[in-house]
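Engineer: Take a look at the following structure, please.
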Amino acid sequence: MISSLWIAKTGLDAQQTNMDVIANNLANVSTNG
């Protein structure tokens, strides 16, 4: 039971990181460089 909750948590953490990266990329889409 605890391991399945841990798997769910780590999956959600990874998805949140992915969303943060996408949001950052969109925020900087018009930045030169």
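Numbering (the numbering used here), first residue to last: -7 to 25.
All C-beta atoms in this analysis are idealised placements derived from N, C-alpha and C, irrespective of residue type, glycine included.
#1: Rounding to the nearest angstrom, what Cα-Cα distance links residue -6 and residue 5 in this structure?
#2: State the DSSP-derived secondary structure class of residue 11, mapped to helix, strand or coil.
#3: Using three-state DSSP, classify residue 23 as helix, strand or coil.
#4: Taking just the CA atoms, how far does residue 20 sit from residue 3?
Structural biologist: Quick look at the numbers:
#1: 16 Å
#2: helix
#3: coil
#4: Each residue's Cα considered, the two are about 26 Å apart.
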